[in-house]
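First up is the structure itself, then whatever we jot down about it.
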Amino acid sequence: MTDVKLDLELAQQSLVFIFASMVVYTVSFLIFAWHLTNIASNKGSGAVISTKLENIGFALFGFGALIHGAGVVMRGIAASRVPWANMYEFSISGAFVLVAIYLAFYRLRDIRIIAAFVNGFVLLILGAATTYFYVQVKTLMPALQSYWLVIHVTVAVLATAFFNIAAALSVAYLLRTSPRIASSTKKFVVGARRVLEFFPAEKTLERLQVRFNAVGLILWTFTLAAGAIWAERAWHRYWGWDTKEVWTFIIWVLYAGYFHATATRGWTGRRAAWLSLIGFTSVLFNFTIVNLFFKGLHVYSGL
Amino acid sequence: MVSDAEVASQTVNSAELGLAGWMRWIWRSLTSMKTALILLLLLAAAAIPGSVYPQRSADPNGVASYYKNNPELAKVLDWFQLFDVYGSIWFSAIYILLFTSLIGCVVPRTRVHWLAMLAEPVDAPARMQRFPAYAKVTAQTSEPAVLDRAEAHLRKGRYRVVRRKGSVSAERGYIRETGNLIFHFSLIGVLVAAGLGGGFSYNGQRVLVEGEVFVNNLASYDSFSPGVFFDENNLQPFWMALDKFEVDFDLQNTTNIGTPLDFRAFVTSKLAGGEKRESVIRVNEPLEVPGAHVYLTGNGYAPVLTFKDPDGQIAFSGPVIFLPQDANYTSLGVIKLPDAKPNQYGVLAFFYPTKEQLETGAFTSIYPDPVDPMLSMNLYVGNLGLDGGVPRNVFSLDTHGLEQVAGGKSGTKALMLKIGETKQLPGDLGSVTFNGLKRFASLDLAYNPGQVWVLVFAILAFIGLAISLSVPRRRIWVRKFESGFEVAALARNDDPRLEDIVANLVEAIAPKKGN
Ligand code: HEM
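These protein sequence lines map, in sequence, to chains P and Y.
FYI, the working numbering numbers position 131 of the first sequence as 131, with every residue one higher than the one before it.
Just add 1000 to wherever you are in the second sequence, counting from 1, and you've got the working numbering.
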């Protein structure tokens, strides 16, 4: 007889922690946004106040991440398993990994300036997760009871986080290299341009974007292969063009295309950056639209 | 003098050359990076419709219902092969072109790379100051000493180094290209192994009730789909008995009651000439015998029933497979008795593992384990059409032209039976006994001899890719220059550390005072 104890009380507390982290994230987001408008309007007495503000933002962001992480861990304990078996859990865990990777790299690399975007995106994910995806803790259906759930999904979440940061850098790069923004005299655009000047140089943005995408693609290749190995166990064939398999494949091919672009004359720079964005859009599409609306074997949004 | 014959042959030659030239041009375009890029993007785009429309391979029922709901549109879609995207002409065309391009690309690159690995690092170029990382050094020390230091420093950094007169050339990261080539070749391996493996593979389905034995030959399968090269004689001779089937449902956690926690099929199997072996098949844990993997795909109840004619003759006796209709295993079963005397009849029966009567009077099951099991039966008398030679699905009963004699609006209530009970059938048809309850397991038997190779090539591809994306390839030169030395470095790809590397080398060959 299999025995599983679900702790509903703890699951409730986990949700409280997630909400609490959202409150803290909202404050840090406002601070980052304020910081950006300061730069844009050229107000504030120079860079000093700005950096101070930014540091407070980061401290709060980190604090929010701690609460967020605690919420994720509690959810896992409440369910006596890894906390990523349905869309709600996948979202809160994925968002946490994104924050953790971003915060791990912000000291190493000059990507502080995209904090507002990463922070805002995380808030968006958590908002959607708690409002639309929330489900009670449940046991795992037998098809999901496999250590491949740990391996395959962990790596997929990691890959997504790297692609995500790369996509943010691609946006920054595209804005920075946009001829239209460079020549505009509209007040709003002039302010935005001032913000952009605080971004790392074009070359750095491009280079970082390639690096993050490279790690993402290696991890995604692993996700694809691990998924096929698991599919052989659970669905009796390693590959069957199930909708989710199709999208995993599409994403993989798109990023392969991206790397070809970075080595093809005429395709580096802005075109490659667009491809990086298209790639990440399909990652998001795969997670949201495909999970919720497409028919297939991966039916564990839990909704 | 040029003879006429020679002129003629020359014209032919130049025409051929024209053709050959064309072919070469096409080949060169096909194998260019830009074509590869476009083909990759096309491949990604071409894969999308397969996730939008149901595919025959993955979801044949979906295609059937698409045809039912939109017959006109379905025909058009079918013409464009949108229900068979991954075997379609256009999808195949893209990946065949892509892989042709791939071969045309990596074979010459392999030769170039091979030669590069055999050759020494190239000579310092004439104008080094044009390179992305460049430094001038004024050194007091003598030339050989400086170059010695450069050489030692570079060797420590695992560069391949060659010393020439007045200069040092070094290169590292050959393995980047090696990894890249391994990656691309392995993709070919994956494709070939997947194609051949699919050809030699098979998969078949069989439903087994507890106590039944499966013998591996074509006749034992309920359904079977072989690959194009499959040979029946390659079916591994073995038998397998389903001894017992167990399910655990959650009874503890209030939000989760009735959710399945585990399915276990206890089987005994024996290969021809081998030992008997007992094993447990679970979801995610197939039974592996040489030449076949046995997967658990479904399960349900098989009530054991006995139907007797009025004179006591047995018309039918045995377990009947009931297909689960909902999460609480309300199940539907059909029994046809074409040989019953005096009339043939059919039974449409429902099984409720834990019965509960709704306010409407209808029954349902509220828990999937047999806590309070009950069968309800509707009876139909008339020609079942079984001797018409038309195969009928045993899981459905066509009640057209049959007279309902129990259940529904027939005036007689549906028969209700608990385990162990016997009831008389209406209209003097005889009796039925609910002898007991068994479970059945739906099994998938599959074998794909190519999948191991797909895995091997996939792992190689992964390793190749990881190497190729993480190892930088660099060239460095140090050269004597009027009053000192100049150092330059070049990377195959964008390399953030290039300047640091030059700086470190400068530091190594001409240490600043005080160090
Ligand atoms: C099945 C199709 C293909 C896939 C999935 C694919 C994938 C990739 C990926 C992911 C990379 C980046 C990683 C690395 O540098 O190793 C790459 C690099 C490369 N590919 Fe492909 N490729 C394909 C076909 C081709 C073809 C047809 C060509 C030749 C025209 C080609 C030539 C190259 C070259 C030269 C690089 C190295 C670029 C560099 O120097 O960074 N590939 N490929």
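Yeah, the Cβ is synthetic: ideal placement off N, Cα and C, and Gly gets one too.
Query                                                                                                                             : Result
Residues near Leu1077 (chain Y) in its chain [Cβ-Cβ closer than 7 Å; skip 5 each side]                                            : Tyr1053, Phe1083
Contact with chain P by Gly1050 (chain Y), beta-carbon distance below 9 Å                                                         : yes
Check whether Met1086 (chain Y) and Arg1473 (chain Y) have beta carbons under 9 Å apart                                           : According to the sequence provided, residue 1086 (chain Y) is Tyr. The question's Met does not apply to it. Going by C-beta atoms, Tyr1086 (chain Y) is not nearer than 9 Å to Arg1473 (chain Y).
First through last residue of the beta strand (DSSP E) which encompasses Leu1242 (chain Y)                                        : 1238 to 1249
Closer than 9 Å to chain Y by CB, Gln311 (chain P)                                                                                : Look at the range of chain P in this structure, 1 to 303, and you will see that residue 311 (chain P) is not part of it.
Sequence-distant residues of its chain with Cβ nearer than 7 Å to Ala219 (chain P) (five each side left out)                      : Inspection of the sequence shows that residue 219 (chain P) is occupied by Leu rather than by Ala. Closer than 7 Å at the Cβ level, and outside the excluded window around Leu219 (chain P), lie Val155, Leu158, Ala159, Phe162.
Extent of the continuous beta strand (DSSP E) to which Tyr1095 (chain Y) belongs                                                  : Unbroken run through Tyr1095 (chain Y) is the alpha helix (DSSP H), 1089 to 1118; no beta strand (DSSP E).
Test: Leu292 (chain P) CB closer than 9 Å to a CB of chain Y                                                                      : no
Proximity of Ala273 (chain P) and Tyr173 (chain P) at Cβ, strictly below 9 Å                                                      : yes
Alpha-carbon to alpha-carbon, Val1283 (chain Y) and Val4 (chain P)                                                                : 18 Å
Bridge partners - Ala1441 (chain Y), DSSP secondary structure assignment                                                          : Y:Leu1208, Y:Asn1299
beta-carbon Asn286 (chain P) near the ligand HEM non-hydrogen atom, thresh 8 Å                                                    : no
Neighbourhood of Val122 (chain P) by C-beta distance below 7 Å, restricted to the same chain and skipping five residues each side : Tyr25, Ala95, Leu98, Val99
With 16 other Cβ atoms within 10 Å as the buried cut-off, status of His1293 (chain Y)                                             : buried
Beta-carbon proximity of Pro142 (chain P) to Asp1262 (chain Y), cut-off 9 Å                                                       : yes
Exposure of Arg107 (chain P), with buried meaning 16 or more beta-carbon neighbours within 10 Å                                   : exposed
Alpha-carbon spacing of Arg1149 (chain Y) relative to Arg1111 (chain Y), whole angstroms                                          : 34 Å
Chain P contact for Val1506 (chain Y) (CB, 9 Å cutoff)                                                                            : no
Rounded straight-line distance, which links the Cα of Leu1443 (chain Y) to that of Gly1430 (chain Y)                              : 35 Å
Reference Gly57 (chain P), options P:Ala20, P:Tyr134, P:Leu103, closest by Cα                                                     : P:Leu103
Contact set between Ala1047 (chain Y) and chain P, taken where Cβ atoms lie within less than 9 Å                                  : Trp241, Val246, Trp247, Phe249, Ile250, Val253
Endpoints, alpha helix (DSSP H) assigned at Arg176 (chain P)                                                                      : 147 to 177
contact_flag[the segment 1456 to 1463 of chain Y, the segment 1206 to 1222 of chain Y] where n(CB pairs < 8 Å) is 3 or more       : no
Residue burial classification, Trp230 (chain P) (beta-carbon count within 10 angstroms, cutoff 16)                                : buried
Where Gly1189 (chain Y) falls: helix, strand or coil (DSSP)                                                                       : helix
Below-9 Å beta-carbon distance, Thr264 (chain P) vs any chain Y residue                                                           : yes
Delimiting residues of the alpha helix (DSSP H) encompassing Thr262 (chain P)                                                     : 243 to 262
Val253 (chain P) CB to nearest heavy atom of the ligand HEM below 8 Å                                                             : yes
Contact list for the segment 148 to 167 of chain P against chain Y, Cβ threshold 7 Å                                              : none
Start-to-end residues for the alpha helix (DSSP H) that takes in Asp1078 (chain Y)                                                : 1071 to 1079
Neighbourhood of Leu1030 (chain Y) by C-beta, 6 Å cutoff - its chain only, sequence neighbours within 5 removed                   : Ser1101
Under 8 Å by beta carbon: chain P residues contacting Pro1286 (chain Y)                                                           : Arg233, His236
Whole-Å CB distance - Leu6 (chain P) paired with Val137 (chain P), under 8 Å assumed                                              : 5 Å
Chain P contacts from the segment 1222 to 1256 of chain Y (Cβ-Cβ distance under 8 Å)                                              : Asp1248, Asp1250, Gln1252, Asn1253, Thr1254, Thr1255, Asn1256
Cβ of Phe199 (chain P) within 9 Å of any chain Y Cβ                                                                               : no
Three-state secondary structure (DSSP) of Gln1252 (chain Y)                                                                       : coil
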